[in-house]
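Basically the numbering used here = 1-based index in the sequence shown + 274. Note that the Cβ used here is the ideal one computed from N, Cα and C, for glycine as well. These figures come from a predicted structure and were not determined experimentally.
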Amino acid sequence: MAITQGTHRRRGSGRAPAIGIGVAAGVTAAAGLLLGRKAATISKIGKGHPLKHRALDLAAGAMQPKYPLDAMSTYLNGFHLYADDMGRQVEATHFCIHLQHDLHQCVIFDRNAPDARLIGIEYIISEERFRGLPEDEKRLWHSHHYEVKSGILTAPGIPDMAEHAYFEDLVTTYGKTFHTWQYDRDDFPYGIPQLMMAFTEDGQAADEMIRARDERLGISTSRKRRSRADVPMPEVAAGANAWESGRTVQTRLEETDFER
């Protein structure tokens, strides 16, 4: 409303109101700043590319709408383990969209940086929806109760009160995660997607991995754990965290006949 009013001239005056000029200038400056940041970000990952490719990337970054990316409202940092190997533990940076009231969808990177590697996806659902899944499907899902209560899962940069409220809801949810890049082993996305799980009790996650994350992001997992002591611990629904039974599932590649 202020911008619209600011474009009209006052009766009897020969100039537009100062507030209209100020708002317009502010919008222009903000747009320039955003485009400048976009260009700076793209330039950081464009080194080594041909000039033509860098120019195309810059133009696309500034001009094309990217609605799914704009809708990603939550940045989470945590850790995953391979569903069939407790010893393989990796950090996972999530960017998530709250798509429906009982469904989040996330893309996962190895870190929060312009040149981060895209390593996977995660779907997060409510307990009610999880309990309604077929038994075979449940084996692909993990609970978030320990990740939240332990402080291992965090939302960097969010005020403590807002983060606390967010995790009060997330503590009862379930996730299905596949990593498409085994970056703990390879510098290229070889192979097929791997099913991942989450930690469920103390002593599973490597202390040095958590400590390195905390130092880099300027957070304290132990402090977050204490601050979430009042978050109710949910009862984990049967069928989740299948690896805890000693038997698990994992993806594999097999040859099959092509249907015509």
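- Taken atom to atom, the span from the alpha-carbon of Asp481 to that of Pro324 is near 42 angstroms.
- Counting the other CB atoms within 10 Å of its CB gives Gly352 a total of 16 or more, which places it among the buried residues.
- Counting along the chain, Tyr420 sits inside the alpha helix (DSSP H) bounded by residues 419–424.
- The C-beta of Leu527 has fewer than 16 other C-beta atoms within 10 Å across all chains shown, which makes the residue exposed.
- For Thr474, the secondary structure class from DSSP, reduced to helix, strand or coil, is coil.
- Looking at Asp458, Asp461, Thr454, Tyr420, the one whose alpha-carbon comes closest to that of Phe441 is Tyr420.
- Note that the C-beta distance between Leu392 and Phe383 is below 8 angstroms.
- Under the three-state reduction of DSSP, Asp443 is assigned to helix.
- Here His375 carries a coil assignment [DSSP, helix/strand/coil].
- Considered as a whole, the stretch 345–398 harbours 348–356, 359–374, 377–383 as its complete beta strand (DSSP E) runs of no fewer than 3 residues, in chain order.
- The straight-line gap separating the alpha-carbon atoms of Ser501 and His438 is approximately 8 angstroms.
- If you draw a straight line from the Cα of Arg534 to the Cα of Asp410, it comes to about 29 angstroms.
- When DSSP states are grouped into helix, strand and coil, Leu469 belongs to the strand group.
- By the criterion of at least three beta-carbon pairs nearer than 8 angstroms, the stretch 488–495 is in contact with the stretch 423–436.
- Annotation: the continuous beta strand (DSSP E) that includes Thr451 extends over 448–453.
- As the crow flies, the alpha-carbon of Gln524 is around 24 angstroms from that of Met483.
- Counting along the chain, the unbroken alpha helix (DSSP H) around Asp481 starts and ends at 481–491.
- By the 16-neighbour rule on beta-carbons within 10 angstroms, Tyr356 is buried.
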